[in-house]
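Asks: Numbering (my numbering), first residue to last: 52 to 369.
Below is a structure I'd like to ask you about.
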RNA sequence: CGCGGGAUGGAGCAGCUGGCAGCUCGCAGGGCUCAUAACCCUGAGGUCGUAGGUUCGAAUCCUACUCCCGCAA
């Protein structure tokens with residue numbers, strides 16, 4: 052089977068690698084144009100492009116697809132049997148979807164129809180879900196609305212971060228894509244409608260990264276920290292300085308200050324100790340901070356942080 | 001030329017209006033103790049990122065370079 056692959060981030064390059072190593076003929080790779088990125092805003096190729104170049108696969112990087120006749124003709128000329136799309140970052144118009152005779156296959160990192168959209172992995176962690184998965188589907192013009200082919204479920208660890216889950220799912224996605232292609236080749240691939248009971252996982256916004264000590268419960272804050280690690284990190288302020296939390300847990304230890312716990316403000320540091328780290332009062336429990344990052348600094352363990360940046364008991368995060 | 005921060009003993013930081021290199025922790029040895037991650041004493045460990053310059057004298061001022069990090073995407 053001849054394949055054209057479309058995708059951009061590392062999640063996609065895992066799928067590309069999987070089908071490449073499974074021996075499928077990859078006619079070409081379509082990925083987003085190189086973007087200025089990182090310190091110095093240097094132009095950086097996407098992970099998918101890097102892999103393609105390594106394997107001498109032709110790369111196409113259209114700035115836009117809609118009304119781009121030249122690009123459509125290029126793809127048509129390749130005569131792919133199937134187009135695999137994984138986190139490409141652009142909406143494909145009908146004319147593209149109709150090119151391959153076996154259709155366009157998409158790998159989506161959720162158990163559809165739950166979490167259609169851009170950030171399914173992040174939202175599954177943010178919402179504290181116990182399980183999620185990967186789904187392959189036949190694409191249609193809607194946003195992740197196509198008929199489903201295969202699905203694989205995984206459980207989310209209590210302390211698992213978006214980054215960790217991301218990595219696991221990208222590998223599973225690759226395997227599932229290969230399996231999907233095999234079944235399509237044999238003509239035994241199932242096709243299931245999604246139904247109407249769907250939910251959407253939109254792109255994450257900047258504002259949601261701020262911890263709301265008044266409204267959020269200990270578990271919600273923990274989910275926020277996990278869910279935004281390593282993408283942007285949940286943050287709060289201490290004495291006017293921005294502080295990011297990278298790892299927190301709900302304290303199971305008994306804290307001595309039981310008596311006053313109800314009269315102090317949420318976000319107050321109850322215990323600050325070089326050995327045990329810091330404990331913070333929340334709406335409904337005590338949060339233990341494990342990994343932290345100050346302004347202009349790198350992330351470090353709470354113990355390291357406290358040596359050079361003393362935090363007093365009764366300091367307040369806000 | 002996107003903006004900004006930094007490079008000081010094993011770790012995290014202070015010192016930077018130039019004048020013997022410091023703090024917290026860790027580490028080694030000793031002491032106290034039934035005991036300890038607690039406490040007390042002692043000690044080891046740094047050519048202050050690299051190369052030049054200014055100066056009687058530079059971690060501290062100037063110049064170039066290397067590396068690291070945050071924002072931003």
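Even glycine gets a Cβ: it sits at the ideal position worked out from N, Cα and C.
Check for me: the beta strand (DSSP E) holding residue 320 runs from which residue to which?
Replies: Counting along the chain, the beta strand (DSSP E) containing residue 320 begins and ends at 320-324.
Asks: Pop quiz: residue 78 and residue 100 are said to be a contact at Cβ under 8 Å. What is the actual Cβ separation, rounded to whole angstroms?
Replies: With 8 Å as the limit, residue 78 and residue 100 do not qualify as a contact, their Cβ atoms being about 16 Å apart.
Asks: For residue 57, which of 72, 158, 93 has the nearest alpha-carbon?
Replies: Checking every option, the nearest Cα to that of residue 57 belongs to 158.
Asks: Kindly identify the DSSP beta-bridge partner or partners of residue 187.
Replies: DSSP output for residue 187 lists 158 as bridge partner(s).
Asks: Could you tell me the alpha carbon to alpha carbon distance between residue 94 and residue 289, rounded to whole angstroms?
Replies: So the alpha carbons of these two residues sit roughly 35 Å apart.
Asks: Please state whether the Cβ-Cβ distance between residue 325 and residue 299 is less than 7 Å.
Replies: Not in contact: residue 325 and residue 299 (Cβ atoms no closer than 7 Å).
Asks: Compare the beta carbon distance of residue 35 and residue 142 with 7 Å and say whether it is the shorter of the two.
Replies: Nothing about residue 35 can be read from this structure; the chain reaches only from 52 to 369.
Asks: Which full runs of the beta strand (DSSP E) of 3+ residues lie inside the region 78-157, going along the chain?
Replies: Runs of the beta strand (DSSP E) inside the region 78-157: 86-88, 93-95, 133-137.
Asks: Using only the alpha-carbon positions, how far apart do residue 347 and residue 293 sit?
Replies: About 9 Å.
Asks: DSSP beta-bridge partners for residue 368?
Replies: DSSP, once it has assigned bridges, lists 289 as partnering residue 368.
Asks: Keeping to the same chain, check which residues put their C-beta closer than 6 Å to that of residue 223; ignore five residues upstream and five downstream.
Replies: Within the same chain, residue 223 has close Cβ partners 185, 203.
Asks: Rounded to a whole number of angstroms, what is the C-alpha to C-alpha distance between residue 322 and residue 190?
Replies: One C-alpha to the other measures close to 53 Å.
Asks: Who are residue 71's beta bridge partners in DSSP?
Replies: Note: residue 71 sits in no beta bridge, so no partner.
Asks: Using a Cβ-Cβ cutoff of less than 8 Å, which residues in the same chain neighbour residue 283 once the five nearest sequence positions on both sides are dropped?
Replies: Within the same chain, residue 283 has close Cβ partners 255, 257, 260.
Asks: Out of 209, 201, 231, which one is the CA nearest neighbour of residue 243?
Replies: The residue with the shortest Cα to Cα distance from residue 243 is 201.
Asks: Which of helix, strand or coil does DSSP assign to residue 197?
Replies: Reduced to three states, the DSSP call for residue 197 is coil.
Asks: Just how far apart, CA to CA, sit residue 76 and residue 62?
Replies: About 20 Å.
Asks: Between residue 102 and the rest of its own chain, which residues show a CB-CB distance below 7 Å, the 5 nearest in sequence each way excluded?
Replies: Closer than 7 Å at Cβ, skipping near neighbours: 64, 67, 68.
Asks: Which runs of the alpha helix (DSSP H) spanning at least 4 residues fall entirely within the region 259-283, listed in chain order?
Replies: Within the region 259-283, the complete alpha helix (DSSP H) runs of at least 4 residues are 269-278.
Asks: Rounding to the nearest angstrom, what Cα-Cα distance links residue 55 and residue 218 in this structure?
Replies: Distance between the alpha carbons of residue 55 and residue 218: 23 Å.
Asks: State yes or no: is the C-beta of residue 353 within less than 7 Å of the C-beta of residue 318?
Replies: No, the pair does not count as a contact, with Cβ atoms beyond the cut-off.
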